[in-house]
């Protein structure tokens, strides 16, 4: 693997920041394999202070989830709430939800038989990987990590003039939002290939169905033309 601070990697990252987001385009421009491009644009600074888990708060969430699952147990299967609906219920009932959707999804999957994938011989990770290009997960991880880094490094000093503070804040937030949007569009395209409707994914994201469809289709045209 090449050293991340080489002149080549710096040039690839500069072009990527300038707006050339498609790895295959960058690979052609710099006459390198696509994997080299992925290594270059995936090199990000680690977050300095990982947030510790709040076990007391998680215990509260576990108790509430157990109560919700017990409520559903008395219902017919078709009346039971989905994992996403239970997550929304948690968000409504708690003033500060300190667990991720993945954490809730895994908690419910372990406890609700119909969520266990016992009909498939493959684990979720392999099933996911089979539906996406080989470098897509790392590309989306790069986008999300970069967005988080933009947020973590956002510092608006109180001694700055207001206009400068607004410029720094808006630019950092804009960069983070653009990367998160791109990651969302990549996931949505995978969802479409997997048979999910825009209506379903609209519920997951809170974005109106028509808006989500237009944004994703515009993005897809931009990336493929």
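In the numbering used here, the protein residues as written are 251 to 475.
All C-beta atoms in this analysis are idealised placements derived from N, C-alpha and C, irrespective of residue type, glycine included.
Computed from a predicted structure; not experimentally measured.
Contact defined as beta carbons within less than 8 Å: I believe residue i pairs with residue j. What is the distance between those atoms, to the nearest angstrom?
| i | j | result |
| --- | --- | --- |
| residue 354 | residue 308 | With a Cβ gap of about 11 Å, residue 354 and residue 308 do not count as contacting. |
| residue 429 | residue 388 | Their Cβ separation, rounded to whole angstroms, is 14 Å, which puts residue 429 and residue 388 out of contact at 8 Å. |
| residue 266 | residue 258 | Going by Cβ atoms, the distance from residue 266 to residue 258 rounds to 13 Å, so no, they are not a contact pair. |
| residue 433 | residue 394 | 5 Å |
| residue 274 | residue 264 | With 8 Å as the limit, residue 274 and residue 264 do not qualify as a contact, their Cβ atoms being about 18 Å apart. |
| residue 344 | residue 311 | 7 Å |
Should residue i and residue j be called a contact, given that it needs their Cβ atoms to be closer than 8 Å?
| i | j | result |
| --- | --- | --- |
| residue 358 | residue 336 | yes |
| residue 466 | residue 446 | no |
| residue 314 | residue 340 | yes |
| residue 425 | residue 400 | yes |
| residue 436 | residue 390 | yes |
What residues in its chain sit with their C-beta under 7 Å from that of residue i, if we drop five residues either side in the sequence?
| i | result |
| --- | --- |
| residue 368 | In this prediction, residue 368 has a pLDDT of 46, which is less than 50 and means its spatial position is unreliable; what the coordinates show is noted afterwards. Same-chain partners within the cutoff: there are none. |
| residue 262 | 276, 280, 287, 290, 291 |
| residue 475 | none |
| residue 375 | With a pLDDT of 46 at residue 375, under the threshold of 50, the modelled position of this residue cannot be trusted; read the value that follows with caution. Answer for residue 375: no residue qualifies. |
| residue 272 | 473 |
| residue 373 | Legend: pLDDT at residue 373 = 47, less than 50; position of this residue unreliable, no value from coordinates given. |
Enumerate in chain order the residues of its own chain whose CB-to-CB distance from residue i is below 6 Å, with the five nearest sequence positions on each side excluded.
| i | result |
| --- | --- |
| residue 282 | none |
| residue 404 | 422 |
| residue 469 | 435 |
When you measure from the CB of residue i to every non-hydrogen atom of the ligand ZN, does any distance come out below 7 Å?
| i | result |
| --- | --- |
| residue 432 | For the ligand ZN, the structure offers nothing, since it holds no ligand at all. |
Taking 8 Å as the limit between beta carbons, can you name the residues of its chain near residue i, skipping five residues before and five after?
| i | result |
| --- | --- |
| residue 331 | 318, 322, 339 |
| residue 462 | 438, 448, 451, 452, 455 |
| residue 301 | Summary for residue 301: the model assigns pLDDT 49, below 50, so the residue's position carries little reliability; its value from the coordinates is reported in the next sentence. Hits under 8 Å: none found. |
Q. If we count Cβ pairs, one from each stretch, closer than 8 Å, do we get three or more for the segment 448 to 459 versus the segment 414 to 428?
A. no
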